[in-house]
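Note that the UniProt record's numbering numbers the sequence shown so that position 27 is 27, with each residue one more than the last. Think of the CB as a built atom: it goes at the ideal place given N, C-alpha and C, for glycine as much as any other residue.
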Amino acid sequence: MRITTNAILRDYKSNLSTSINNLNISRTHVMTQRSFNSTAEDPASAARASQLHRKYYKNQDNIKMLQDVQNRQDCQEDALRQVSDMVTNISKNYNLQALNGTNKTPEVRQSYASAIRQFQQSMVLSLNSSYEDTFLFAGSDGKNPPFNLTSEGTLTYRGVDINANMGSADYDKLKKMSNENLYVDLGMGLAMDDFDQVVSSSAFNMSLPGINAVGYGNDEKGMSNNLITIAGKLADTLEAETFDADQFGDLMNKFDLLGKNLMNQITELGVKSEFLTTTKDRLDNAEISIQEQMSSVEGVDMAEAISNYMWDQYAYNAALKVGTSILSPSFIDFMR
């Protein structure tokens, strides 16, 4: 079999190209610290890595959503605590003092009434607090301020009189709004039931209608169940020409009772905050776990990668040296 010079050169160029390609691949593995850089190198690992990347980015979205919900809930808790502090202030400073005989002059009662009305306005402002561009206590309608207190003392929630009588159409509207939910997916496996409704255990409900915190409607005695309205009634009693101590005492008892309901809402927010903290820890742990899985699938053993690179570098240098001896003296060099 005769081996021509062209055949040697052709075979040499093919092998040299292979050496260069192997060197480039091993160099890329070292620089990127990845075991593969294209799907063609390892289709099975590439498919698994793609799934892990989707899980990782989904987990990242859940963490960002949770942080946003947590910030929103912190603002809700701060606003309710402001209202609670005002309730405590009224109960502490304008209850026994107003009933005290030395404070029953019209001038003193008027000053107490003015202070309570100021607190009443401040409560409404706190309950109309917003986070970014969403009102915190507006239920599912976060684009409009939920509470409005008119100059006549009428309080409305999303346009509905908050002191509607039980059984009326307005009361039914208030009851429906008090049960509104606003679910967000925090990685708990969001699911829908047969009626296309969110399964409550698979999502987090961040809705907090303000009327759940301060009450709505009237009780069986016809007395308002709303904290802000009762505050206004206290001021009305103090401003009356004849001060009715018994009526003021009944209103203050009701006011204190509604204040306890407000504290219960704050406690529920605390429970939700604890749940969010636990969920945040779970998502952080999931992120670490996914990163470890991604590293095991895509990552490269650096010691092995550097060894392979050094070997391919050696093979490439050897191939170059071989190239200098391919065009050794031939038959042509001996022709005269």
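Alpha-carbon spacing of residue i relative to residue j, whole angstroms
i, j, result
"W311", "N22", "10 Å"
"E180", "S140", "7 Å"
"Q67", "D284", "12 Å"
"I288", "S19", "38 Å"
"F36", "D11", "28 Å"
"Q110", "L238", "6 Å"
"D301", "M263", "57 Å"
"P106", "N95", "16 Å"
"N128", "Q51", "44 Å"
"L136", "H53", "34 Å"
"D78", "G249", "29 Å"
"S45", "Y309", "22 Å"
"T277", "L80", "20 Å"
"S325", "A303", "34 Å"
"F147", "I211", "9 Å"
"Q138", "I25", "Checking the displayed sequence, the identity of residue 138 turns out to be Ala instead of Gln. One C-alpha to the other measures close to 59 Å."
"A7", "S307", "33 Å"
"T39", "V271", "47 Å"
"E241", "V108", "13 Å"
"Q247", "E274", "41 Å"
"D74", "S201", "22 Å"
"Y316", "T5", "22 Å"
"F195", "M223", "39 Å"
"T32", "Y57", "21 Å"
"G323", "R282", "60 Å"
"D42", "S17", "22 Å"
"N253", "N225", "12 Å"
"K260", "G167", "25 Å"
"N62", "E152", "46 Å"
"L9", "K321", "14 Å"
"E132", "N93", "35 Å"
"A213", "K221", "21 Å"
Beta carbon of residue i nearer than 8 Å to that of residue j
i, j, result
"residue 340", "M177", "With the chain represented from 1 up to 336, any question about residue 340 goes unanswered, as that position is not in the structure."
"L234", "I116", "yes"
"I160", "K173", "According to the sequence provided, residue 160 is Val. The question's Ile does not apply to it. Cβ distance < 8 Å, so V160 and K173 count as in contact."
"residue 355", "G232", "This structure cannot settle anything about residue 355, because the visible part of the chain is limited to 1 through 336."
"N15", "A318", "no"
"Q121", "L155", "no"
"N59", "A286", "yes"
"I266", "S130", "no"
"I290", "K55", "yes"
"G215", "L258", "yes"
"E298", "R34", "yes"
"L190", "T279", "no"
"A49", "M294", "yes"
"S126", "Q197", "no"
"Y157", "N165", "no"
"L269", "Q76", "yes"
Enclosing beta strand (DSSP E) for residue i [first to last residue]
i, result
"N59", "Careful: N59 lies outside any beta strand (DSSP E), inside the alpha helix (DSSP H) at P43 to N93."
"N148", "F147 to L149"
"L155", "L155 to Y157"
Residue span of the alpha helix (DSSP H) that contains residue i, given as start and end
i, result
"L9", "T5 to T32"
"F248", "A245 to E298"
"N212", "G210 to V214"
"Q110", "P106 to L127"
"M177", "A169 to S178"
"I228", "L227 to E239"
Own chain residues within Cβ distance below 8 Å of residue i, not counting five before or after
i, result
"T134", "R72, G142 and K143"
"F255", "V87, I90, S91, L227, I230, A231 and L234"
"A169", "none"
"D244", "T237"
Close beta carbons around residue i, own chain, < 6 Å, minus the five adjacent residues each side
i, result
"A305", "H29 and V30"
"D193", "V199"
Cβ-based neighbour list, residue i, same chain, cut-off 7 Å, excluding 5 preceding and 5 following
i, result
"A113", "A235, L238 and E239"
"R27", "Y309"
"V124", "F147, L149 and I228"
"Q313", "L23"
"V184", "M65, V69, A203, F204 and M206"
"D219", "N225"
Supposed close pair residue i, residue j - CB separation, criterion 8 Å
i, j, result
"V69", "M206", "5 Å"
Any non-hydrogen atom of the ligand SAM closer than 7 Å to residue i Cβ
i, result
"N148", "Among the components modelled here there is no ligand, and therefore nothing to report on the ligand SAM."
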